[in-house]
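Just so you know, the protein sequences line up as chains S and E, in that order.
Numbering (my numbering) for the first sequence: 1 to 350.
Numbering (my numbering) for the second sequence: 1001 to 1350.
C-beta atoms are modelled at their ideal positions from N, C-alpha and C, and glycine is treated no differently.
For reference, the structure discussed in these notes is given below.
There are 2 protein chains.
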Amino acid sequence: MIKLSARGEKLLKTLIELYISEGQPVGSRTLARHANVQLSPATVRNVMSDLEDLGLIKAPHTSAGRVPTQQGYRFFVDSLLKVRPLNPSSVEEIHERLSAESDPQLLVASASELLSQVTHFAGVVLLPGQHSAKFRQIEFLSLSPERVLTILVTDDGRVQNRVIPTDREYSSSELVEAANFFNDLYGGSSLAEVRKRLLNEMQKDSEEMHRIMKAALSMARSLFEKEEADTDEVLLSGEANLLTVPDLCQIDTLQTLFDAFKAKQDLLDLLDRSMRVNGISIFIGDESGYEALTACSVVTAPYEVDGRLIGTLGVIGPTRMSYEDIIPVVDITARLLSGALSIQHLDRAD
Amino acid sequence: MIKLSARGEKLLKTLIELYISEGQPVGSRTLARHANVQLSPATVRNVMSDLEDLGLIKAPHTSAGRVPTQQGYRFFVDSLLKVRPLNPSSVEEIHERLSAESDPQLLVASASELLSQVTHFAGVVLLPGQHSAKFRQIEFLSLSPERVLTILVTDDGRVQNRVIPTDREYSSSELVEAANFFNDLYGGSSLAEVRKRLLNEMQKDSEEMHRIMKAALSMARSLFEKEEADTDEVLLSGEANLLTVPDLCQIDTLQTLFDAFKAKQDLLDLLDRSMRVNGISIFIGDESGYEALTACSVVTAPYEVDGRLIGTLGVIGPTRMSYEDIIPVVDITARLLSGALSIQHLDRAD
DNA sequence: TTTAGCACTCTATATATAGGAGTGCTACCC
DNA sequence: GGGTAGCACTCCTATATATAGAGTGCTAAA
């Protein structure tokens, strides 16, 4: 753990704040003027030299000012940053915008949108795949003689439907019976478990199976087979905001970044990691371990439904972002999203 | 209508093809070499001068070659371009990728994705809002004592669901009855019409209404109230591809473009206009009437389900795009999407 | 009608130059 | 010993200037 003198901390903090707001390397004169200390530039230079030796700041070239290094940002975020709570009117605005959406699926999408609009960077949300969700209810609905609409409701409030071709016509009472059967058998299990048990059932000799059971299984099968491929999902919005960020403004940097967004796998891993942590996570530069994000920082917070961690949301912006402002926004959004999801969450005890 | 000599046409065609493939202004020497004519650069210069007078090409500055103007592209596309059918293996690939997706909603999304990947530009799809779709079936499903899941199926194969809080508990048979009532009453009407009639019904004194009818109306109401705001939707994918396009590579051009994508309204109008046209539409530069698209061309084709025009899809790329290659891709994709939607379209006659 | 020749224009590239910002070092002061 | 002033030095940036190359338009000749 790096230990700094009070003066060193003060100057480092000021330097980083200046660099965040101005985007230019900070020289000794500027720093001396802005830090509230009565020191000459020369003295400040000595301190800066020490900070450079510690690896907290560096000079892009011999005669420029200093800019924070990744470790500098890290120290700043860990030790120097005091995050003020977001002002109530902003909280209220976020709250309202999240309340406006009633569909849980669209709600997370609008949270991502919201983050990108408020922060002017890219908003991102991780929706974990169905496998972690619990099976809640399934219904079969006849659309036409040989097509059945299956509706799957999971305990995180999501509803999925798929049209499934059937081999024969089912009567409406058969479908209800099949659904009841299925709901009784699998209610409360996780989807992954349902899938496993389902595959097991299919192995058994179908002769001994009840007629309704066979019908239910055969219809559910294609639904759950589909699910297998279904993985976590990353929802990205406001990527275009990053076009305006001066630090990322070289087309090729943006290109790599956008390519990475397209692939999404890295983002997914990153967000998944951050879901394990309780509270805000901050990845500075390539701390995330992914090259494409070298010039970026990612601020995330998990959100939950009824105390169960469901996913992660966050903001992707330049390393040189105003952590002070971004952190509370992410924090509050995660809390409010958790709240909104819980309120409109389907009642748990039927 | 502009009339050109055979030589003029030949040279213009070659010039545009060269410019599309190289991206550099084309000089008289280069043109003379590539056009298959035995003419000296000096002669070619004379012809080029004529073409410039006609407004088909222009020189970026005194001593550069010529580049096509918007009118030049227009003439090229209208009169000179011979579109070859797409090679069968590409057709097959597109076909396969569209066949892989069974959910109609995801199908159009994957068509957009497909377009952007194949062309390396941005793919775009217009999904017209529900109001044009016809009401097909509604179902109510009890999730918990005070929450009902309403499922709305429209005749273009889309399924929507919404969780609706209710004032009291409904029995499962009540719900079935309500759905039947509703389906009988409104089946086959357009959603807009259903909405209108619904609002009318609500006006009537509720005393005289049947109990089931009241229940059905009250549940459907919130569903259809929601629909009102629901407008057409534009689905954009592969915007990031445009980062690599040299013509658009100035950050500020991209910025305007991405901003426009965010607003989407212009795109929506554009696609909506092109839906009225049968077959391929091509908007070159600001022919679309939207400033943001000045440096772009948009190639679109409508797609249909069972003979009814449903939406439009297309590609947004630089004006300097290979129309020869893009047009057949858009054309085929629209056809195949139409096919895929029709096949998996719910049977019309129940 | 076509072509060769030529002067001219404009761009892009390389090079030189000056100015400025900021540093590190040294010597000096309290 | 910590703080400060002074100064030479470095490196970046911006501005001019020269040069080469590409391509044109025009004229005159085949």
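- Message: Given this structure, state the Cα-to-Cα distance separating D1350 (chain E) from L1141 (chain E), to the nearest angstrom.
- Response: Because the pLDDT at D1350 (chain E) is just 38, under 50, the model does not fix this residue reliably, and the value given afterwards should be weighed accordingly. Cα to Cα, the separation comes out at about 22 angstroms.
- Item | Boundaries (first-last residue) of the alpha helix (DSSP H) holding G311 (chain S) | No alpha helix (DSSP H) holds G311 (chain S); the beta strand (DSSP E) holding it covers 308-318.
- From the DSSP output, in three-state form, read off R1136 (chain E) for me. strand
- Return the chain-ordered list of same chain residues with a C-beta closer than 6 angstroms to the C-beta of G285 (chain S), the five sequence neighbours on each side being excluded. Spatial neighbours of G285 (chain S) in its own chain (CB-CB distance under 6 angstroms, excluding positions within 5 residues in sequence) are listed in chain order as Q70, T294, T319.
- Message: When you compare the CB of Q1265 (chain E) with every CB in chain S, is at least one pair closer than 9 angstroms?
- Response: no
- Item | chain E residues whose Cβ lies nearer than 7 angstroms to that of T244 (chain S) | Q1255
- Straight-line gap, E1139 (chain E) to L1152 (chain E) (C-alpha atoms, nearest Å): 7 angstroms
- Run of the beta strand (DSSP E) containing F1076 (chain E), from where it starts to where it stops: Here F1076 (chain E) belongs to no beta strand (DSSP E), and DSSP marks it neither H nor E.
- Query: What residues in its chain sit with their C-beta under 7 angstroms from that of D1347 (chain E), if we drop five residues either side in the sequence?
  - Reply: A caution first: D1347 (chain E) carries a pLDDT of 46, below 50, which makes its placement in the model unreliable, though a value can still be read off. The answer is none, since no qualifying residue turns up.
- Task: Starting from R1029 (chain E), follow the alpha helix (DSSP H) in both directions and report where the run begins and ends.
- Result: 1028-1034
- Boundaries of the alpha helix (DSSP H) in which I1251 (chain E) is found, first to last residue: Annotation: the continuous alpha helix (DSSP H) that includes I1251 (chain E) extends over 1251-1263.
- Item | For P1088 (chain E), three-class secondary structure by DSSP | helix
- Query: Can D1232 (chain E) and L1268 (chain E) be called in contact, C-beta distance under 9 angstroms?
  - Reply: yes
- Query: What does Q137 (chain S) reach in chain E if we use C-beta pairs closer than 9 angstroms?
  - Reply: L1141, L1143, L1149
- Task: For the beta strand (DSSP E) holding E1233 (chain E), just list the boundary residues, first then last.
- Result: 1233-1237
- Tell me, please, whether the segment 1117-1125 of chain E touches the segment 1310-1328 of chain E by the rule of three or more beta-carbon pairs shorter than 8 angstroms. Yes, they touch.
- Taking F76 (chain S) as the reference, give the member of S:P165, S:A133, S:G65, S:L51 with the closest Cα. S:L51
- With a cut-off of 9 angstroms, does the C-beta of S1218 (chain E) fall near any C-beta of chain S? no
- the segment 84-104 of chain S in contact with the segment 270-281 of chain S per 3-pair CB rule at 8 angstroms: no
- Message: At a CB distance below 8 angstroms, what residues from the segment 1155-1166 of chain E approach chain S? Give them in sequence order.
- Response: G1157, V1159, N1161, R1162, V1163
- Following the continuous beta strand (DSSP E) through L1165 (chain E), name the residue where it begins and the one where it ends. Per the sequence shown, residue 1165 (chain E) should be read as Pro rather than Leu. In the DSSP assignment, P1165 (chain E) falls within the beta strand (DSSP E) that extends over 1159-1165.
- Message: Here's the rule: buried if 16 or more other CB atoms are within 10 angstroms of the residue's CB, otherwise exposed. What is G1055 (chain E)?
- Response: exposed
- Item | Buried or exposed by the 16-neighbour rule on C-beta atoms within 10 Å, applied to R351 (chain S) | Outside the modelled stretch of chain S, which goes from 1 to 350, sits residue 351 (chain S), for which no answer is possible.
- Just how far apart, CA to CA, sit V37 (chain S) and D78 (chain S)? 23 angstroms
- When the distance is taken between beta carbons, is E146 (chain S) closer than 9 angstroms to P165 (chain S)? Against a cut-off of 9 angstroms, the Cβ pair of E146 (chain S) and P165 (chain S) comes out as a contact.
- Less than 9 angstroms separating the beta-carbons of L81 (chain S) and I332 (chain S)? Contact check for L81 (chain S) against I332 (chain S) fails: the beta carbons are separated by 9 angstroms or more.
- Identify the continuous beta strand (DSSP E) that holds E113 (chain S) and give its terminal residues. Segment 104-119 is the alpha helix (DSSP H) holding E113 (chain S); no beta strand (DSSP E) there.
- Message: Buried or exposed, going by whether 16 or more other CB atoms sit within 10 Å of the CB of N1087 (chain E)?
- Response: exposed
- Task: For chain S, find out if any of its Cβ atoms is closer than 9 angstroms to the Cβ of K1134 (chain E); answer yes or no.
- Result: no
- Message: Looking only at its chain, what residues have a beta carbon closer than 8 angstroms to the beta carbon of E287 (chain S), apart from the 5 residues adjacent to it on each side?
- Response: Q70, R74
- Selection from E:T1119, E:A1340, E:G1065, E:C1296 that minimises the alpha carbon distance to S1090 (chain E): E:T1119
- According to DSSP, residues forming a beta bridge with Y1303 (chain E): E:G1311
- Closer than 8 angstroms by beta-carbon distance: list the chain E residues that pair up with V153 (chain S), in chain order. When 8 angstroms is used as the limit between beta carbons, V153 (chain S) is near these residues of chain E: L1143, L1149, in chain order.
- Item | Per-residue burial, N1200 (chain E) [other beta carbons within 10 Å of its own, 16 or more giving buried] | exposed
- Cβ neighbour criterion (16 or more within 10 Å) applied to R1136 (chain E): buried
- Task: List the whole-angstrom C-beta distance separating S1116 (chain E) from N1241 (chain E), where the pair is believed to meet the contact cut-off of C-beta under 8 angstroms.
- Result: 6 angstroms
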